[in-house]
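Protein chains in written order, with this note's numbering: chain X, 6 to 276; chain R, 17 to 301.
Beta carbons are placed, not taken as given, at the ideal position from N, Cα and C, and that holds for glycine.
Right, one structure below, let's go through it.
Take a look at the structure:
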């Protein structure tokens, strides 16, 4: 289901626009506007929060902080970029010892979940006042992933992009990506960085088996399958040795953790 | 030298479980761990084990094991007949199993999941700090198969006297207290009323990932699609068919269907023991 949701995210009306949810712990709607408020704005008197939808790049605050049960908070951000910035801020504060103990910090597309929090209400009040600086381009390690651009959907993606099959590799490898969040399987990272005109839909019919190492596209995301699973993404290439994506013999088993920057490096002699 | 257990009969689904894996959800690693955690902890305490020592979690049909040395075990959780070398033995209290004798954990007489704790704990290889089998992502030891051999740890603590152990019986009706949110606003106001007033039933499609329910469909306020977001244990996720699913320990770490409410973790042990068809009531609280 995670894959489905990720696929749908590109440009679809985000229902997360609804504000003033019953039980919302904190609202900062004026700071940042929902992506497409029309659909849900009627409910809950959310009108005051409809604002300027243009993405701002200066420091920003969460759009809302919602309780998720008794020990968790779901912090909502206006867009993927500010979600990444907020996530980075949480990690900075945790490293500096200024964040109360939190068992799990789980980024999503437009949210960060804080789970295992002793006093969620107190933390919600603090978070609501944070001014989070934007992520700067040079932040984070860069991981290089070698790719043979030989996927079975290469021609379809080339058609969708309006280029020849031989140009997909150069295009795809020309961007620097960022791991927005993980899910679906251990070590499966959802990488953002493709411009909107290169977003592609999922396959109409999912494959029952996508091999480990498959480099794939769906919606705004690129990904590399850490192991063979069913999957509906468009397969454009192969990472020849996918074992490092998830290696339990390492202290940090996942190669692609949220916030990591990624470059794809085309291998010569592609099929 | 520590004991080894040979799996004589694996049963329908028997897995190794402990307190699960924490702190890895951001990598897509589920929490996992015993679904009826209080039953696991009580069985361990009765043996002098650490409360979170790894145990076996059975599903409906039990399992049978043969130790190569004398071991002490406790079978708890869902009630079931217990025999050692064919003779009736105690359920819910320490039992000595001599080397070479078969411990048979029978089919449940109520509930779903029995727990087999052994003095010293099941010493399967830990993965990311836990020995739990995670059925969603395949981490940890595979579900037991006939003929498997399980290592046992060194018995450490002193076994406690078998007190009148407070094993709660499996619920005839499952009551799940919940708090609305984080996505209650994705549903019509009537949906939360329906959820907290109608009687649902446990669906046969329930598993360690989620307690699926049958009952009235919950109506969405809009047809929008939710960007994938982090999911908590106990989340009541509502897929497109409108039937709530309560996330249990092997739940995915992120998901794209809205969560109308979250069930208190303390109530999930009872959910793990609710049989197919059992009535489920969700209450605010």
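For the pair residue 33 of chain R and residue 44 of chain R, the CB atoms are not nearer than the 7 Å cut-off. Within the region 110 to 132 of chain X, contact with chain R at the beta-carbon level (separation under 8 Å) is assigned to 110, 111, 112, 113, 114, 115, 116, 117, 118, 120 and 121. Under the three-pair Cβ rule at 8 Å, the region 64 to 73 of chain X counts as touching the region 122 to 139 of chain X. For residue 148 of chain R, the CB contacts under 6 Å within the same chain, skipping 5 residues up- and downstream, are 33, 34, 36, 48, 49 and 156 in chain order. Taking one beta carbon from each stretch, the region 136 to 147 of chain R and the region 111 to 124 of chain R have fewer than 3 pairs nearer than 8 Å; the two do not touch. Runs of the alpha helix (DSSP H) lying entirely within the region 66 to 127 of chain X, each at least 4 residues long, are 85 to 101 in chain order.
At a cut-off of 7 Å, the C-beta of residue 221 of chain R has no neighbouring C-beta in chain X. Annotation for residue 212 of chain R: no beta strand (DSSP E) segment contains it, though the alpha helix (DSSP H) segment containing it runs 205 to 213. Within chain R, the residues whose beta carbon sits less than 9 Å from that of residue 79 of chain X are 197, 198, 199, 245, 246, 248 and 275, listed in sequence order. Of all residues in the region 27 to 48 of chain R, the ones placed with a Cβ closer than 7 Å to any Cβ belonging to chain X are 38, 39, 41, 42, 43, 44 and 45, in chain order.
Here residue 289 of chain R is buried: its Cβ has 16 or more other Cβ atoms, across all protein chains shown, within 10 Å.
Chain R places a beta carbon closer than 7 Å to that of residue 193 of chain X, counting this residue as a contact. The three-state reading of DSSP puts residue 202 of chain R in helix, counting H, G and I together.
In chain order, 159, 160 and 163 place their CB closer than 6 Å to the CB of residue 170 of chain X, counting only its own chain and leaving out the 5 sequence neighbours on each side. Per the DSSP secondary-structure output, residue 186 of chain X pairs in a beta bridge with X:195. 268, 269, 270, 271, 272, 273, 274, 275, 278, 279, 280 and 281: these are the residues of the region 258 to 291 of chain R whose beta carbon lies less than 8 Å from some beta carbon of chain X, given in chain order. The beta-bridge partner set that DSSP reports for residue 239 of chain X consists of X:222.
Assignment of residue 227 of chain R by DSSP, reduced to helix, strand and coil, places it in the strand class. The Cβ of residue 74 of chain X sits closer than 7 Å to at least one Cβ of chain R.
As the crow flies, the alpha-carbon of residue 268 of chain R is around 26 Å from that of residue 215 of chain R. Here the alpha carbon of residue 247 of chain X sits roughly 10 Å from the alpha carbon of residue 260 of chain X.
Residue 76 of chain R and residue 150 of chain X have their alpha carbons spaced roughly 46 Å apart.
Residue 250 of chain X counts as buried, since no fewer than 16 other beta carbons sit within 10 angstroms of its beta carbon.
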